[in-house]
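Asks: My structure is below; once you've seen it, I'll send some questions.
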Amino acid sequence: MNINISRENNTITVYFSGRLDTPAAQEITPQMNALAEEASNSIILDCSELTYISSSGLRIFLMLRKAAAEKGGKIIVRSITNDIRSVFMMTGFLNLFEIH
Amino acid sequence: MKSDRKDNKKLGISMRARLLLVVVAALTLEATAIIQFVYAQREIKQEASLRAKSELKGAENKIMDVVNQAEAAVRNSIWVAEWCLENPDSLVRIPQRVVSENPVVVGSTMALVPGYSVKDSLFAPYVAKNMETGEIRRVSLATEEYDYPSQEWFTKPLELNDSYWSEPYFDENGGDILMTTFSMPVKDKNGTIAAILTADISLDWLTELVGEIKVYPNAFNIVISRSGQIMVCPVETLVMQTTVDRLALESDDYEALDRVNRAMLSGQSGEMPVRYQGQTNHVYFSPVERTGWSLSIVLPEKELYNGVRRIGMIVKLLQLLGLAMLIVILRVAAKNQAKYHHLNEQKERIENELHIAREIQMAMIPKTFPPFPERKDLDLAAAIIPAKEVGGDLYDFFIRDEKLFFCIADVSGKGIPASLVMAVTRSLFRAMSTHEDSPAKIVTSMNNSMSETNESSMFVTFFCGVLDLNAGQLRYCNAGHNPPMILTDAIRMLPVEPNLPLGILSGMDFIEQETPFHYDDALFLYTDGLSEAENAAQEQFGEARIEKTLHGKKRSQDHLENIKQQVSLFVGEAPQSDDLTMLFIHYLGHANKNSHHLTLHNNIEQIALLPEFVDAVAEEAQLDHEAIFNLNLALEEAVSNVIMYAYPEKTDNVVDIEAMVEGKRVSFVITDSGKPFDPTAKETVDINADMGERPIGGLGIHLVRTIMDTVNYERKEGKNVLTITKNY
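Chains as they are written, first to last, in the numbering used here: chain A, 1 to 100; chain B, 1001 to 1728.
Listed below in structure tokens is the structure:
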């Protein structure tokens, strides 16, 4: 699991690549908690390279979404694969996120 | 409606039949009575005729006796009289002798023919005897006013030159008694009639004698003289006052009476019916020799048939009584019949409804075979061959969470109660086994339910089994049912605990047993309808034949067909008295499936080992990418749950994962020895809830449920066992 975070103006883009399973979710949780502090900005979660996500990963997405809602920011999920889309569908996340 | 009309028609026929029966009975009785009456009448008539004739004969004999005595008295004195003609002075001694020597003679005279003697032209000394005192007196009949030569007793013998019985007459000299006279000419040496010798007899005795003839109480007798003068008659005013001819003229049936009169006067004997004063009478008559009298008995027909009439009345009364009783009996019988008919119909209806109920029950019981065509690990077949009477046999099975729940039961008794108890048994089995995996617990709860409400004291022999299709383990509990046959390397009876049947004792603890069940093992369950099937010689099919029939490798369905055939051959024409129920379970699991094992430590990092494991399983199951992705996700969620919640203390422990592939079916059994933790008990997540309301947790088990077909948690032997399965 790799993540890259790029900032451009007021937009933060997070590039996920690889499997976001439970251990990976635990691993990135500190970074994501920090990111949540900046949730007043627009945050783009780029999933084009994300091959797998489990509930731990979904919980991070949800945590960010809640933080953005609190701070007046915006979360955009971008470029999800069919696999990830199906997980989103199963969990009702398609309705929670703005997906591009 | 249809059946109502049928009812009426049936009742109608029965009513007509009853009416016909009564009419026939009445006619038969009446005909018998008439025939009896006719024959009785004929008999009585013959009897009366015989009796009348014999009485007439008897009376005639008595009369003739008197007549003969009188005649003899005269004849015996004739020679003396002839001798005395030459000594006229002694003539008076002749009547004297006739009277005194003959008790029946009341008077006698020796009357000379006028002109025969020169001395006196008229001479007739008369000797009379008082019948009561015996006193004898003499008078002369040679008086001018009597003028004996003109009297019948004198003229007739003279004219006939023979003896003669006179018409009866009232004797004016001899004390006003009715009498008749026998006269005989007395001749001299030249043969000239010189005198007439007579003997008088009183006819009082005749009345008496004739009065003694009493053929029937109201019968009476009439004696007439040759001129038709009535000599004896119950109506005294008619005696010597009238003739039968005059009587006939006065009657309303002249012809009949005249016919009788002619017959009697011409000296015939016989019998004739005569209507007189509105009544039919039978007249029996017979002549009295020499006197010209005719003796008759008159018998009113009413009198004759009085007895028969009385008996006839009694017979009629009895007939009516009998018919009344017959009608009453028929009514009662018809009512009973109607009641019986009604009961029968009710019984039929109940039986019919029962059959429908049974069909409904049967419909609830799985009857499609093979029942689980998608499963390669199970070949199951079952059959119920119902007896004619509704019975209480039952089998049932279903698969829940990779376990086959099955049972076979036989309710004691037959008919409605058995059928109802069977329905209760089935629903209890289904109800109890929905949440319970232990056969003993299922059976115990069923027993408690049934015992508490069992007022009919019916019981159920019951075998309950739970076959873990993944583990190849059979757990079972037998409640008084005959032990099933287990087919492994050999065929033997499954060892069973001697538990009581269901419904006998509440609160009983049933003992559970278990046995490993390997690939190709089979279980054959049956009710005693099979083992106790009897042939005509009353031999039972028995366990030995069952065992023999089970040899050889066959599909379950073929096994059952084979047994059916064998039983049918054995039983022959003998009727099937009990339900025959069979359940054949052939296990084809375990050996057929490839098992994958993975043992993880309770470290979340170990999750990373799962994809490779899932790939290996998926490769065998030939799954596509999406399926692999989902399986991976489900397994990760299940395992991470265990690691995070079952082992919160983070002590070093393991999580054992076994994966099985059977065709297109994949299952994972996740076992850990952590604290009891049932992930399925978690509340389901509302995935449509607003973000604000969405809890962070719960998504994992939601995903497992969404992806997998079955999710089953068990706490077994101190371990959490989670089984998740997916069919592709």
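Every residue, glycine too, gets a C-beta built ideally from N, C-alpha and C. Quantities reported herein were computed from a predicted structural model and do not represent experimental measurements.
So Ala1522 (chain B) packs on Phe1584 (chain B), CB below 8 Å; how close in whole Å?
Replies: Sure, about 7 Å apart at Cβ, within 8 Å.
Asks: Considering Cα atoms alone, identify which of B:Val1308, B:Thr1723, B:Val1711, B:Ala1627 is closest to Thr1671 (chain B).
Replies: The shortest C-alpha separation from Thr1671 (chain B) is found at B:Thr1723.
Asks: Rounding to the nearest angstrom, what Cα-Cα distance links Asn4 (chain A) and Gly1697 (chain B) in this structure?
Replies: Rounded to whole angstroms, Asn4 (chain A) to Gly1697 (chain B) spans 26 Å at the Cα level.
Asks: Taking Leu1699 (chain B) as the query, report the chain A residues whose CB atoms sit under 8 Å from its CB, ordered along the chain.
Replies: Ser55, Leu58, Arg59, Thr91, listed in chain order.
Asks: In chain order, what residues of the segment 1615 to 1638 of chain B put their CB closer than 9 Å to some CB of chain A?
Replies: Listed in sequence order: His1625, Glu1626, Phe1629, Asn1630, Asn1632, Leu1633, Glu1636, Glu1637.
Asks: Identify, in the order they occur along the chain, each residue of the same chain with its Cβ nearer than 7 Å to the Cβ of Val1421 (chain B), setting aside the five sequence neighbours on each side.
Replies: So the qualifying residues of the chain are Gly1392, Val1411, Met1458, Val1460.
Asks: Please list, in chain order, all residues of the same chain as Val87 (chain A) whose beta carbon is under 6 Å from its beta carbon, the five residues on each side excluded.
Replies: If we look at Val87 (chain A) and ignore the five residues flanking it on each side, its Cβ neighbours are Ile53.
Asks: Report the rounded CA-to-CA distance for Pro1501 (chain B) versus Val1721 (chain B), giving the unit in angstroms.
Replies: In a straight line, the C-alpha of Pro1501 (chain B) is about 32 Å away from that of Val1721 (chain B).
Asks: For a quick check, are the C-beta atoms of Leu1469 (chain B) and Lys1403 (chain B) less than 8 Å apart?
Replies: Yes; because the gap between Cβ atoms is below 8 Å, this pair is in contact.
Asks: Is the Cβ of Thr22 (chain A) closer than 8 Å to any Cβ of chain B?
Replies: With 8 Å as the cut-off, Thr22 (chain A) counts as an interface residue toward chain B.
Asks: Run through DSSP, which three-state label would Pro1611 (chain B) get?
Replies: Three-state result, Pro1611 (chain B): helix.
Asks: Take the Cβ of Gln1229 (chain B) as the centre, count every other Cβ of all protein chains shown within 10 Å, and call the residue buried at 16 or more, exposed below.
Replies: By the 10 Å Cβ count, Gln1229 (chain B) comes out buried.
Asks: Between the segment 1554 to 1565 of chain B and the segment 1368 to 1385 of chain B, do three or more beta carbon pairs fall short of 8 Å?
Replies: Yes, the segment 1554 to 1565 of chain B touches the segment 1368 to 1385 of chain B.
Asks: Along chain A, in chain order, which residues have C-beta atoms closer than 8 Å to that of Asn1688 (chain B)?
Replies: Going along chain A in sequence order, the residues near Asn1688 (chain B) (Cβ under 8 Å) are Gly92, Asn95.
Asks: When burial is assigned at 16 or more other CB atoms within 10 Å of the CB, is Ala1479 (chain B) buried or exposed?
Replies: Buried, since its Cβ has 16 or more Cβ neighbours within 10 Å.
Asks: The segment 1600 to 1616 of chain B: which residues have C-beta closer than 7 Å to a C-beta of chain A, in chain order?
Replies: Here the close residues are Ile1604, Glu1605, Ile1607, Ala1608.
Asks: Using a Cβ-Cβ cutoff of less than 6 Å, which residues in the same chain neighbour Arg85 (chain A) once the five nearest sequence positions on both sides are dropped?
Replies: Cβ neighbours of Arg85 (chain A) beyond the five flanking positions: none.
Asks: Measuring straight from C-alpha to C-alpha, what distance separates Val1215 (chain B) and Ala1048 (chain B)?
Replies: Spanning the two alpha carbons is a distance of roughly 8 Å.
Asks: CA-CA distance, Pro1575 (chain B) and Glu1351 (chain B)?
Replies: Cα-Cα distance, rounded: 19 Å.
Asks: Considering only the alpha carbon of each residue, which of B:Tyr1126, B:Phe1429, B:Lys1057 lies closest to Tyr1148 (chain B)?
Replies: Ranking the options by Cα distance to Tyr1148 (chain B), first place goes to B:Tyr1126.
Asks: Indicate whether at least one CB of chain B lies closer than 8 Å to the CB of Val87 (chain A).
Replies: Chain B contact via Cβ: present.
Asks: Spell out whether any CB of chain B is found under 8 Å from the CB atom of Gln31 (chain A).
Replies: Chain B contact via Cβ: absent.
Asks: At the 8 Å Cβ level, is Thr1710 (chain B) part of the contact set with chain A, yes or no?
Replies: No, no contact with chain A.
Asks: Which term fits Tyr1284 (chain B), buried or exposed, when burial requires 16 or more other beta carbons within 10 angstroms of its beta carbon?
Replies: The residue is buried, with at least 16 neighbouring Cβ atoms inside 10 Å.
Asks: Ala1195 (chain B) and Ala1111 (chain B) look like a contact to me (Cβ under 8 Å); what is the Cβ gap, rounded to whole Å?
Replies: Between Ala1111 (chain B) and Ala1195 (chain B) the Cβ distance is about 6 Å, and since that is below 8 Å, they are a contact.
Asks: For chain A, is any of its Cβ atoms less than 8 Å away from the one on Asn1653 (chain B)?
Replies: No, Asn1653 (chain B) does not count as interfacial toward chain A.
Asks: Answer with yes or no whether the minimum CB distance from Asn1592 (chain B) to chain A is below 8 Å.
Replies: Only weak support is given to the placement of Asn1592 (chain B): the predicted model assigns it a pLDDT of 48, under 50, and the question is left unresolved by the model.
Asks: Along the alpha helix (DSSP H) that carries Arg1545 (chain B), what are the first and last residues, could you check?
Replies: Element bounds for Arg1545 (chain B): 1542 to 1549.
Asks: Leaving out the 5 sequence neighbours to the left and right, which residues in its chain are closer than 8 Å to Ala25 (chain A) when beta-carbon positions are compared?
Replies: For Ala25 (chain A), where only same-chain residues beyond five positions count, the Cβ hits under 8 Å are Ser54, Ser56, Gly57, Arg59, Ile60.
Asks: Buried or exposed: where does Ser1150 (chain B) fall if 16 or more other Cβ atoms within 10 Å of its Cβ makes it buried?
Replies: So Ser1150 (chain B) counts as exposed.
Asks: Sort B:Ser1090, B:Pro1679, B:Gly1663 by Cα distance to Ala1646 (chain B) and report the nearest one.
Replies: Per the Cα distances, B:Pro1679.
Asks: What do you get for Asn1190 (chain B), buried or exposed, if any count of 16 or more other CB atoms within 10 angstroms of its CB means buried?
Replies: Its Cβ having fewer than 16 others within 10 Å, Asn1190 (chain B) is exposed.
Asks: If I measure Cβ to Cβ from Ile1707 (chain B) and keep anything under 8 Å in the same chain, skipping five residues before and after, which residues do I get?
Replies: Counting only Cβ-Cβ distances below 8 Å, and skipping sequence neighbours, we find Asn1630, Leu1631, Leu1633, Ala1634, Lys1726.
Asks: Counting contacts by CB-CB distance shorter than 8 Å, is Leu1703 (chain B) in contact with chain A?
Replies: Yes, contact with chain A.
Asks: Using the Cβ count rule (16 or more neighbours within 10 Å means buried), how would you classify Lys1002 (chain B)?
Replies: Note that Lys1002 (chain B) has pLDDT 42, beneath the 50 cutoff, so the model's placement of it is unreliable and no number is given.
Asks: Could you tell me whether the Cβ atoms of Arg1426 (chain B) and Asp1396 (chain B) are closer together than 8 Å?
Replies: In contact: Arg1426 (chain B) and Asp1396 (chain B) (Cβ atoms closer than 8 Å).
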